[in-house]
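Protein chains: 2
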Amino acid sequence: MPVNQQILLDNRPQGEATVDNFKLVETATPALQDGEVLVRHHYLSLDPYMRGRMNDSKSYAASQALGEVMIGGTVGEVVESRHPKFQPGDQVVGMGGWQLYSVVDGNAPGMLRKVDTTHVPLSYYLGAVGMPGVTAWYGLVKIIQPKAGETVVVSAATGAVGSAFAALAKARGCRVVGIAGGAEKCAYATGELGFDACIDYKAHPDLKSMAKALKEACPDGIDGYFENVGGYILDAVLLRANAFARVAVCGMIAGYDGQPLPLANPALILINRMKVEGFIVSEHMEVWPEALTELGTLVAQGKLRPRESIAHGLQNAPEAFLGLLKGKNFGKQLVQLV
Amino acid sequence: MPVNQQILLDNRPQGEATVDNFKLVETATPALQDGEVLVRHHYLSLDPYMRGRMNDSKSYAASQALGEVMIGGTVGEVVESRHPKFQPGDQVVGMGGWQLYSVVDGNAPGMLRKVDTTHVPLSYYLGAVGMPGVTAWYGLVKIIQPKAGETVVVSAATGAVGSAFAALAKARGCRVVGIAGGAEKCAYATGELGFDACIDYKAHPDLKSMAKALKEACPDGIDGYFENVGGYILDAVLLRANAFARVAVCGMIAGYDGQPLPLANPALILINRMKVEGFIVSEHMEVWPEALTELGTLVAQGKLRPRESIAHGLQNAPEAFLGLLKGKNFGKQLVQLV
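So the sequences go chain by chain: A and B. The opening position of the first sequence corresponds to residue 5 in the working numbering, with each subsequent residue numbered one higher. The opening position of the second sequence corresponds to residue 5 in the working numbering, with each subsequent residue numbered one higher.
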């Protein structure tokens, strides 16, 4: 059996996460039992939710246990199989974690899924046609429920979720406004991702400035907001929200490292008769087939062409992950493992 | 025509509202035109929403104009009619405002409604079987959508909305926990209104203490919350909320006088995958018939027997209103005008 490399959560962050929270180890891959499949990972997905798992606090998911392999989505190829449904050479997506190989129970529902790479590159199954894409789909379609002509806004606009959000919202006839960090990302959002406008939060670092920028970018107000960051950007969106606006709360990356960030004026939820709803996409597996079909079609049609930020080698995953938390990535953050 | 007395909004509050914001005037009631009805008001309803109208700021409704009669719900009797649908002696509910008489266009839809006082006292049409009751109904039935066995919490528990909420939630098999100010109100909530438990917020004046009290009163967590007050009570509820909890935001009375009160940890909306939704009941007229039918039936069956706080004489309306904002009322606050 091949030698595996794994990255474990070694200790929990005190405030900001650091590379010292992780540990790289080598282990043998175990011999397969009946029904098991050995997968060699080609790409590992890095996603903001992983930061929440590193804390030992109440969250929507169990904490990542210390000393265990970091959780994470992976795509790769079956290299050995003792399950009739999987053959060596099959391309598969799963939750293999931060390691080179994983052994998967082929009978466990939803743990390993064969994918078709005729029209969709393998790595996209971790992004636009994977969990981030479905996340955008759920927040837009099920919570925001946009009508044609409405204005919708998304933070972290050039990331995996934001770029899928833009394509899905444009397909529904919305005005789509992004919020991203830096002029380069904003130019990419409007030039390549289909955003109608994009606000550089680094140029608008406070509530008043951001609210003014939103007013200019959203002359008809905001009907829907997909929240990835929290903090003063959410406060500014609430100030510009229309009556009956909907906010899908997917992430609050700004508050992951320390003290909770308050919401300045929750009375606006009443004043604007808003709906603010948190969700985690893995609790809504019933929508995945419909969402993946639409997302795959948008990719095949060239309407969703997300950029990828690719780090190389498992040993570089921690640094790439910490960069993601600071917005250093440009598009979907992956680690290539082959 | 009889001489009318009216209370006008004379000037806007700077911070806390005072009696000096109001002015009492006498005017003649105008002669009726064809289609008009003259109503003598028996009771005027005082409600927290009126405080929001006194500010000159963006809210869900237009500001109350200076120099005009304060808005308000009224019940009374038709004393003169030039509309075939209304006869002298008819008992009616409407939005007559803070005055002894009103002239109403009998053709305007929804402006004046005849009511039956066989099983329901006339004043109840301003409370349990009126706007406050329907408010409780909408928040509970349409936003919280409780299942039998769930725990629901309401602040301002012994007020007009809270008491209706308790009866409606008990009818749906919920555990109902109230939050009210003072031991006497709490004893009334559990002894007469059907609450399973009631927390005295004066005995729990900070987040930590309130969260502990909620934990004891809600051993299975909180599935639904009807928000009338805002501030640290909402923060505490979020700390005790179950996954997929729903919050109906009806009022934030704690923040009406000055600076907005922040929400300490909005990330809990995500962590608990909550839905937080603001509403104003006058925008959902489609539910009123169904809601009023249920509320009237609960009253007729003796399952909803709300207390009323009755001030006497129009001149005492401002002081009674200011007392309502401070929780000095006990049950539905009315002003008797006859």
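We put the CB at the ideal spot given by N, CA and C, even for glycine. Note that the structure is a prediction, hence the values are computed from the model and not measured.
Using the C-alpha atoms, what's the distance from proline 125 of chain B back to lysine 174 of chain A?
55 Å
Report the neighbours of glycine 225 of chain A on chain B: residues whose CB is nearer than 9 Å to its CB, in chain order.
Correct list: empty, because the minimum Cβ distance to chain B is about 12 Å.
I'd like the list of long-range same chain contacts for isoleucine 314 of chain B, defined as Cβ closer than 6 Å, with 5 residues on each side in sequence excluded.
Leu338, Gln340
Alpha carbon to alpha carbon, what distance is there between asparagine 111 of chain B and threonine 162 of chain A?
55 Å
When B:Asn320, B:Leu211, B:Leu329, B:Glu323 are compared against leucine 243 of chain B, the one with the closest alpha-carbon:
B:Leu211
Pick out whichever of A:Lys332, A:Lys27, A:Gly76 has its Cα sitting closest to the Cα of lysine 206 of chain A.
A:Lys332
Please report the distance separating the alpha-carbon of glutamine 103 of chain B from that of threonine 155 of chain B.
41 Å
Please go through the same chain and pick out, in chain order, the residues whose beta-carbon is closer than 6 Å to the beta-carbon of aspartate 94 of chain B, but skip the five residues on each side of it.
Val82, Lys118
C-beta neighbour in chain B for phenylalanine 283 of chain A, strict 9 Å:
yes
Below 8 Å on the Cβ atoms is my guess for alanine 164 of chain B versus lysine 307 of chain B; work out the distance and round it to an integer in Å.
With 8 Å as the limit, alanine 164 of chain B and lysine 307 of chain B do not qualify as a contact, their Cβ atoms being about 16 Å apart.
Report yes or no: is there a C-beta of chain A within less than 9 Å of the C-beta of arginine 55 of chain B?
no
Distance CB(leucine 299 of chain B)-CB(glycine 137 of chain B) smaller than 9 Å:
yes
Separation of threonine 78 of chain A from methionine 99 of chain A, as counted between CA atoms:
6 Å
At a Cβ threshold of 9 Å, is lysine 216 of chain A touching chain B?
no
Sort B:Leu42, B:Tyr142, B:Lys330, B:Ile226 by Cα distance to valine 291 of chain B and report the nearest one.
B:Tyr142
Quick check on proline 34 of chain B - is its C-beta less than 9 Å from some C-beta in chain A?
no
Taking 9 Å as the threshold (C-beta atoms), are cysteine 178 of chain A and cysteine 190 of chain A in contact?
no
C-beta atoms of arginine 250 of chain B and isoleucine 148 of chain B nearer than 9 Å
yes
Using 8 Å for Cβ pairs, my map puts glycine 182 of chain B next to glycine 166 of chain B. What's the rounded Cβ distance?
6 Å
Any beta carbon of chain A sitting closer than 9 Å to that of glutamate 298 of chain B?
no
In chain order, what residues of the same chain lie with their CB nearer than 8 Å to the CB of proline 310 of chain B, ignoring the 5 residues before and after it?
Tyr128, Gly131, Ala132, Ala164, Ser167, Ala168, Leu197, Gly335, Lys336
Same chain, Cβ closer than 7 Å to isoleucine 273 of chain A, neighbours up to 5 away in sequence not counted:
Val280
Kindly indicate which residue of A:Gln9, A:Pro52, A:Gln91, A:Val241 has the alpha-carbon position closest to the one of histidine 45 of chain A.
A:Gln9
Can you tell me whether valine 180 of chain B is buried or exposed, with buried defined as 16 or more other CB within 10 angstroms of its CB?
buried
Considering only C-alpha positions, which residue in the set B:Glu287, B:Phe283, B:Ala252, B:Ala245 is nearest to asparagine 269 of chain B?
B:Ala245
Going by C-alpha distance, which of A:Thr139, A:Ala171, A:Asp227, A:Ser213 is nearest glycine 153 of chain A?
A:Asp227
Is DSSP giving serine 85 of chain B helix, strand or coil here?
strand
How many angstroms separate the CA atom of phenylalanine 90 of chain A from the CA atom of methionine 54 of chain A?
29 Å
Neighbourhood of aspartate 24 of chain B by C-beta, 6 Å cutoff - its chain only, sequence neighbours within 5 removed
none
Starting from valine 138 of chain A, trace the alpha helix (DSSP H) in both directions and tell me its first and last residue.
135-141
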